[in-house]
Amino acid sequence: AKAAGRSNFRIFNEDMLLQANNRLMIEQDISSAIAEHQLRLFLQPIVSIADGKLKGFEALVRWFHPKRGLIMPANFIPDIENSDAIIEVGNYVLAEAVQLLQRLKHKDWGELYIAVNLSARHYLAPGLAEYIRSLLLSNGITAKGLLLEVTEESVIEQVDKAMEVMAELKTLGVRIAIDDFGTGYSSLSYLKQLPFDVLKIDRCFTSGIQENDADTHIVTTVIDLAHNLGRTVVAEGVESELQYEFLATAGCELAQGYLLAKPMDEHRIMSVLDSIHDS
Ligand code: C2E
Ligand code: CA
Ligand code: CA
Ligand code: CA
521 AKAAGRSNFR IFNEDMLLQA NNRLMIEQDI SSAIAEHQLR LFLQPIVSIA DGKLKGFEAL
581 VRWFHPKRGL IMPANFIPDI ENSDAIIEVG NYVLAEAVQL LQRLKHKDWG ELYIAVNLSA
641 RHYLAPGLAE YIRSLLLSNG ITAKGLLLEV TEESVIEQVD KAMEVMAELK TLGVRIAIDD
701 FGTGYSSLSY LKQLPFDVLK IDRCFTSGIQ ENDADTHIVT TVIDLAHNLG RTVVAEGVES
761 ELQYEFLATA GCELAQGYLL AKPMDEHRIM SVLDSIHDS
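So the mapping is simple: full-length UniProt numbering equals the position in the sequence shown, first residue as 1, plus 520.
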């Protein structure tokens with residue numbers, strides 16, 4: 521029994537303990553981080569390829585930790601995606617995004633939308649549509665200002681449930697994007713049944729445009745597929761003129777990437793927009 525005990529113990533190596541500790545620390549930290557406004561949205565412009573016009577932003581969360589400094593989402597979102605902390609963060613991001621839409625509405629910059637990332641657990645959690653409905657209502661924002669980005673895993677693991685939630689959100693008038701398209705396991709037959717609006721081509725494909733044949737073909741095929749289903753396409757991670765021109769020719773509607781702008785804080789976004797509209 522003792523030997524078995526010891527070998528069981530060995531399963532929990534130091535790495536795992538460290539990871540578990542880190543996760544626990546982050547989960548405990550996150551509530552106070554939200555309360556103390558340490559989580560902030562950065563915004564990355566999304567532009568229409570045909571005319572270069574600004575259409576909206578993707579909201580990307582950053583954690584300004586008082587002791588650890590700036591923490592990027594890749595370094596805390598995955599750690600909380602299997603706990604309810606992700607719902608807390610997601611609801612906070614949604615509320616901040618809707619309030620931001622209200623501040624944008626007071627400017628005269630045309631209709632801009634904000635895209636918010638939703639983790640699978642949050643997307644499938646009860647009450648999401650109702651929460652969004654009340655946020656929009658209390659801030660006087662129309663639903664088309666909000667685009668929800670969900671990944672393939674959110675819609676593939678529980679297809680029936682995912683379909684139900686999407687239908688509910690569509691009834692509200694909120695738009696939905698499938699994010700990181702092509703990196704997950706979505707089956708095309710499921711996809712065609714889902715009432716999403718936008719398909720986002722992942723940066724891993726965009727970066728291969730005219731660098732390798734496979735990625736170049738994938739990009740044109742995905743654009744055609746989306747168009748055949750009546751959907752709009754956003755190419756992510758556009759970093760070069762060459763990629764941009766290729767996407768324009770391929771008929772891709774929207775682009776997002778460092779070529780156009782990096783994610784910026786609200787202050788920066790507002791002053792950039794102010795100067796564009798003043799000149
Ligand atoms: P994502 O949804 O695929 O977001 C796009 C990521 O690509 C962002 O990284 C963005 O800064 C980066 N990016 C945009 N254009 C370029 C480019 O031209 N080149 C390169 N190299 N990168 C580019 P970020 O902000 O670090 O976010 C990473 C991931 O964290 C996001 O990937 C998303 O999955 C997740 N995330 C961010 N904010 C939230 C949030 O509020 N909720 C949830 N659930 N996840 C979030
Ligand atoms: Ca996204
Ligand atoms: Ca993405
Ligand atoms: Ca991604």
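Note that beta-carbon positions come from the ideal geometry of N, C-alpha and C, so glycine has one too.
Note that this is a predicted model, so its numbers are computed, not measured.
Exercise. Straight-line CA distance for residue 739 to residue 587?
Worked result: Position 219 of the sequence shown, counted from the start, is the residue given in the question as residue 739. Position 67 of the sequence shown, counted from the start, is the residue given in the question as residue 587. Their backbone Cα atoms lie some 42 Å apart in a straight line.
Exercise. For residue 637, which residues from the same chain have a beta carbon less than 6 Å from its beta carbon, with the 5 sequence-adjacent residues on both sides left out?
Worked result: Counting from one through the sequence shown, the residue named residue 637 turns up at place 117. So the list reads 669, once near-sequence residues are dropped.
Problem set entry | Exposure label - residue 535; buried when at least 16 CB within 10 Å | Start at 1 with the first residue of the sequence shown, and residue 535 comes out as number 15. In summary, residue 535 is exposed, with fewer than 16 beta-carbon neighbours lying within 10 Å of its beta-carbon over all protein chains present.
For this session: Note down the Cα distance separating residue 570 from residue 768, rounded to an integer number of angstroms.
Result: What you label residue 570 is simply residue 50 of the sequence shown in a count that begins at 1. What you label residue 768 is simply residue 248 of the sequence shown in a count that begins at 1. Cα to Cα, residue 570 sits roughly 7 Å from residue 768.
Exercise. Apart from the five residues on each side of it in sequence, which residues of its chain come closer than 7 Å, Cβ to Cβ, to residue 723?
Worked result: In the sequence shown, the residue the question calls residue 723 occupies position 203. Taken in chain order, the residues that qualify are 756 and 757.
Exercise. On the three-state DSSP scale, how would you describe residue 764?
Worked result: As a position in the sequence shown, residue 764 is number 244, starting the count at 1. Helix.
Problem set entry | Cutoff 8 Å; reference residue 697; Cβ partners in own chain excluding five residues on either side | Here residue 697 refers to the residue found at position 177 of the sequence shown. The residues are 635, 667, 668, 669, 670, 716, 717, 718, 719, 720 and 754.
Exercise. If you measure from the CB of residue 601, is any heavy atom of ligand 3 nearer than 7 Å?
Worked result: Within the sequence shown, residue 601 is the residue found at index 81, counting from 1. Outside the cutoff, so no.
For this session: Could you tell me whether the stretch 688 to 697 touches the stretch 650 to 666, using the rule of 3 or more Cβ pairs below 8 Å?
Result: Touching, per the Cβ criterion.
Problem set entry | Separation of residue 644 from residue 676, as counted between CA atoms | Working through the sequence shown from its first residue, we reach residue 676 at position 156. Working through the sequence shown from its first residue, we reach residue 644 at position 124. Each residue's alpha carbon lies about 11 Å from the other.
Exercise. For residue 720, which three-state DSSP category applies?
Worked result: Along the sequence shown, read from residue 1 onward, the residue named residue 720 stands at position 200. Three-state DSSP puts residue 720 in a strand.
Problem set entry | Cβ-based neighbour list, residue 779, same chain, cut-off 8 Å, excluding 5 preceding and 5 following | As a first step, residue 779 must be located in the sequence shown, where it is residue number 259. When the five nearest sequence neighbours on each side are left out, the beta carbons in the same chain lying within less than 8 Å of the beta carbon of residue 779 are those of 758, 759, 760, 761, 763 and 764, in order along the chain.
Exercise. Which value, in whole angstroms, describes the spacing of the CA atoms of residue 624 and residue 617?
Worked result: Here residue 624 refers to the residue found at position 104 when the sequence shown is read from its first residue. Here residue 617 refers to the residue found at position 97 when the sequence shown is read from its first residue. The alpha-carbon atoms of residue 624 and residue 617 are separated by roughly 10 Å.
Exercise. How would the residue list near ligand 2 read, in chain order, if you kept each one whose beta-carbon is closer than 6 Å to any heavy atom?
Worked result: Checking every Cβ against the heavy atoms of ligand 2 under 6 Å gives 578, 637, 669 and 699.
Exercise. Under a three-way DSSP split, which group does residue 713 fall into?
Worked result: Here residue 713 is taken as the residue at index 193 of the sequence shown, counted from 1. Residue state, collapsed to three classes: helix.
For this session: Taking the CB atoms as reference points, tell me whether residue 608 and residue 552 lie closer together than 8 Å.
Result: Indexing the sequence shown from 1 puts residue 608 at position 88. Indexing the sequence shown from 1 puts residue 552 at position 32. In terms of Cβ geometry, residue 608 and residue 552 do not form a close pair [threshold 8 Å].
Problem set entry | Other residues of its chain near residue 673: CB distance less than 7 Å, five sequence neighbours each side excluded | For the purposes of this step, residue 673 is identified with residue 153 of the sequence shown, where counting begins at 1. Same-chain partners within the cutoff: 640 and 704.
For this session: Excluding the 5 residues preceding and the 5 following residue 622 in the sequence, name in chain order all residues of the same chain whose CB lies nearer than 8 Å to its CB.
Result: Taking the sequence shown and counting its residues from 1, the one referred to as residue 622 is at position 102. Cβ within range, chain order: 659, 660 and 661.
Exercise. In whole angstroms, what is the alpha-carbon distance linking residue 766 and residue 743?
Worked result: For the purposes of this step, residue 766 is identified with residue 246 of the sequence shown, where counting begins at 1. For the purposes of this step, residue 743 is identified with residue 223 of the sequence shown, where counting begins at 1. Taking the straight line from one Cα to the other gives about 12 Å.
Problem set entry | Close Cβ partners of residue 523 (< 8 Å) along its chain, the five nearest in sequence each way excluded | Numbered from 1 along the sequence shown, position 3 holds the residue referred to as residue 523. Reliability of the predicted coordinates at residue 523 is poor, the pLDDT of 49 falling under 50, and no value is obtained from them.
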